[in-house]
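Just so we're on the same page, my numbering is the position in the sequence shown counted from 1, plus 9.
The structure appears right after this line, and notes come after that.
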Amino acid sequence: MKPRGRTDPTTEATTDPATDLKTHPSTPEPGPTEAPSTPRRVTASARVFLGRRKAVLVKLAAWSAAESAQTFLGGYCVARSLDDGFLRGAPAAGLLWLTGAAVVILLGAPVLRGVFAQLPHLTEPLRDHLVRRSVMHALRAATAAGPAVDTTAVSRLTSQTEIARDSFAGLVLAARSFVFVAVGALAGLVSLAPQFLLVVLPPLVLGLALFIASLRPMARAQHRFLDADEAVGRRAHITRTALRDIVACGTQEPTAVHNHRAIDEAAAAQRAMARWAAVRTLCVATAGQLPVFLLLVTTPWLLRQGVTAGALVGALTYVLQALLPALHTLMTVLGAAGARLFVILDRLTRPLPAPDPPTPKRGPGPTASAARAMAALELRHVRAAYGPGARAVLDDLELTVEDGQHIAVVGPSGIGKSTLLRIAAGLLTPDQGDVRLYGRPVAHHSPAELAALRVLIPQEAYVFTGTLSDNLRYLRPDARRSDLDQTVRALALQPLLDRVGGLDRPLDPQALSLGERQLIALGRAHLSPAPLLLLDEATCHTDPVAEAVAERALRARPGSLVVVAHRLSSALRADRVLVLDGTRAQYGTHQDLLVRSTLYRDLVGHWNDAQG
């Protein structure tokens with residue numbers, strides 16, 4: 010192996026934040042808003058859903074019919090109390106009619122109770138259906154081919170299904186109330202004087218027509234707002250998780266540009282929503298307020314037509330106390346919750362991703378056994394820097410790791426050791442140069458091939474909830490119990506097994522120390538069939554004895570081992586040592602580097618002093 014070149018001792022980061030923020034596969038940048046799909050799918054799904062619940066709809070309509078009678082009697086009793094009571098000098102009769110109106114209002118409580126008793130039989134099945142569909146969609150997407158990750162699955166499963174249920178409940182209540190209140194009110198107006206329809210009906214129909222015409226663009230605005238809101242959430246998540254690397258690499262400005270773009274789109278979408286809210290207010294004024302104005306303006310004409318004063322007050326009661334509140338509620342719910350419901354249902358009822366067809370086997374990808382005859386890792390003229398203006402972390406680095414070699418990488422903190430391993434693993438793309446794993450460019454390997462050829466164990470080991478056996482088998486699910494026992498013996502994991510209760514006892518990751526987590530990750534690597542192991546200070550939380558046992562066990566398995574050394578004792582156990590010193594990279598045995606590398610002599614000297 011003949012490494013050469015220069016590296017820069019700048020702060021090391023494991024990912025390029027600027028690049029990650031631009032091209033993260035699961036976090037697309039907010040672009041032009043997609044138009045909602047045709048409403049046929051949503052309306053067809055709604056018809057099927059409601060068609061299966063006709064009995065519930067009949068009961069709901071029966072209770073709502075009582076609300077029509079209540080509305081009719083409310084205005085009619087007020088009109089009669091004036092015409093047959095107070096205006097005729099018979100206050101007792103007037104009070105009797107008003108008492109009837111009060112009783113009708115009180116009887117509305119059981120009606121509402123009956124309505125709300127039927128409502129869950131519509132809303133809960135809808136929520137359950139959407140949850141099941143969201144789970145199926147997430148599972149299909151998770152098993153589909155390709156690297157993209159569905160980051161909105163949790164949002165669909167939780168908040169969006171809850172929003173759909175609440176919006177649907179509000180829409181059912183508002184639509185039901187308006188329809189039956191309007192029937193009762195219009196019947197009352199006809200009973201008092203048919204002329205009222207000439208005054209009330211035209212503005213009512215006009216306002217409703219304008220509102221219905223605005224529903225589609227309102228839904229598009231709601232769709233755009235939801236997309237922009239999700240984009241802002243994604244940007245916040247990326248920025249929060251990569252904040253340290255963003256500051257370390259000096260990419261605050263491009264990050265801020267992307268964040269501002271997402272925020273500006275969300276602000277524009279919010280303004281569009283506000284404009285359509287103003288349109289909704291205009292429709293409410295046309296359908297609800299204009300009839301009141303016209304009733305007052307046409308009062309002289311109505312009186313000449315023989316309409317009584319009591320009938321006029323009754324008509325105003327119908328409009329102000331019944332039609333206007335119901336209309337305002339309907340338009341508010343349809344304009345906000347209804348549009349939101351349409352957009353969410355459009356998303357949640359989209360066709361499920363089709364299962365992927367069997368993937369044909371790739372051609373020249375090397376198997377682990379065939380890889381033994383070639384170099385495990387080759388880096389040629391590799392250069393890596395974080396940003397166009399940043400100094401190189403690795404510069405013109407050349408490195409060859411032969412199959413079966415044990416290499417230790419040493420150097421000061423932030424010199425580029427972790428970056429080197431991530432480039433070798435195919436997780437980072439260098440600015441220039443060629444990286445090959447077992448004879449093929451790393452970019453030409455599929456994810457499955459990469460997983461079969463190399464394993465990267467980072468400093469922060471991940472342990473998931475499950476048994477210890479599940480965690481160890483993560484990279485080799487078909488491992489036999491004898492293979493597990495061999496790994497336990499090789500890495501001296503028996504004390505850990507005794508503490509957690511054995512291989513088949515569920516683990517609590519929070520109850521494990523950092524060193525115990527690293528031992529489990531090392532056991533995973535030992536059990537893996539991959540011929541190349543890359544350890545990025547993967548033993549920094551273990552004691553020196555456990556570190557030595559782990560490295561010897563990993564070295565004894567077939568394949569190559571590259572270790573970013575946490576202690577200089579790792580370099581003593583390695584076949585060769587790569588020293589990154591910020592100006593050049595030097596390679597050789599421990600004895601060779603003591604003679605040739607000043608930095609290596611200093612590191613060994615500091616380590617010997619620390620050991621006493």
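Glycine residues also receive a C-beta, built at the ideal position from the N, C-alpha and C atoms.
Quick caveat: nothing in here was measured; it's all calculated off a predicted structure.
- Under the three-state reduction of DSSP, Val472 is assigned to coil, being neither helix nor strand.
- Secondary structure of Pro515 (DSSP, three-state): strand.
- Taken through DSSP and simplified to helix, strand or coil, Gln441 comes out as strand.
- If you draw a straight line from the Cα of Leu59 to the Cα of His146, it is about 23 Å long.
- The three-state reading of DSSP puts Glu525 in helix, counting H, G and I together.
- Under the criterion of beta carbons closer than 8 Å, Ser73 and Phe189 qualify as touching, at roughly 4 Å.
- Our two residues, Leu354 and Ser54, have alpha carbons roughly 9 Å apart in a direct line.
- In the three-state reduction of the DSSP assignment, Ile416 falls in the strand class.
- Ala102 and Ala110 have their alpha carbons spaced roughly 13 Å apart.
- Rounded to the nearest whole angstrom, the CA to CA distance from Pro538 to Thr409 is 21 Å.
- Each of Thr548, Gly435, Asp238 was checked against the Cα of Ser455, and the nearest Cα belongs to Gly435.
- Here the stretch 207-226 makes contact with the stretch 287-307; the two share three or more CB pairs at distances below 8 Å.
- Beta-bridge partners assigned by DSSP to Ser569: Leu541.
- Straight across, the Cα-Cα distance linking Arg174 with Leu536 is about 48 Å.
- For the pair Ala393 and Glu387, the Cα-to-Cα distance works out to about 15 Å.
- DSSP places His390 inside the beta strand (DSSP E), whose first and last residues are 386-394.
- When the five nearest sequence neighbours on each side are left out, the beta carbons in the same chain lying within less than 6 Å of the beta carbon of Gly323 are those of Gly84, Val87, Ala88, Leu201, in order along the chain.
- Following the DSSP letters along the chain, one finds Arg122 inside the alpha helix (DSSP H) bounded by residues 117-127.
- Within the same chain, Cβ atoms closer than 6 Å to the Cβ of Arg244 are found at Asn268, Ala271, the five residues on either side in sequence being excluded.
- Taking a contact to require three or more Cβ pairs closer than 8 Å, the stretch 463-480 and the stretch 507-518 qualify as touching.
- Distance from the Cα of Ala277 is smallest, within the candidate group Leu299, Asp238, Val604, for Asp238.
- By a beta-carbon distance limit of 8 Å, Ala417 does not contact Ala559. Their separation comes to about 14 Å.
- Pairing Ala555 with Ala520 gives a Cβ-Cβ distance that is not under 9 Å.
- In the three-state reduction of the DSSP assignment, Gly423 falls in the coil class, being assigned neither a helical nor a strand state.
- A direct Cα-Cα distance of roughly 30 Å separates Thr250 from Arg280.
- Going by DSSP, Val586 is part of the beta strand (DSSP E) stretching over 585-589.
- With respect to the 9 Å criterion, Leu612 and Val419 are classified as neighbours on the basis of their beta carbons.
- Leu312 carries a helical assignment under DSSP once its states are collapsed to helix, strand and coil.
- Separation of Thr607 and Leu577 (C-alpha to C-alpha, rounded to the nearest whole angstrom) is 15 Å.
- Excluding residues up to 5 positions away in sequence, Gln79, Gly83 lie with their Cβ nearer than 8 Å to the Cβ of Ile114 in the same chain.
- Around the beta carbon of Leu311, 16 or more other beta carbons lie within 10 angstroms, which makes this residue buried.
- Taking C-beta separations shorter than 7 Å and ignoring five residues to either side along the sequence, the partners of Arg389 in its chain run Glu407, Gly442, Asp443, following chain order.
- Counting along the chain, Gln169 sits inside no beta strand (DSSP E), nor does DSSP assign it H or E at all.
- Excluding residues up to 5 positions away in sequence, Val120 lie with their Cβ nearer than 6 Å to the Cβ of Ala75 in the same chain.
- Taking Gln503 as the centre and dropping the five residues before and after it, the same chain places the C-beta of Val497 closer than 7 Å to its C-beta, in chain order.
- A Cβ-Cβ separation of about 5 Å places Leu543 in contact with Leu430 under the 8 Å criterion.
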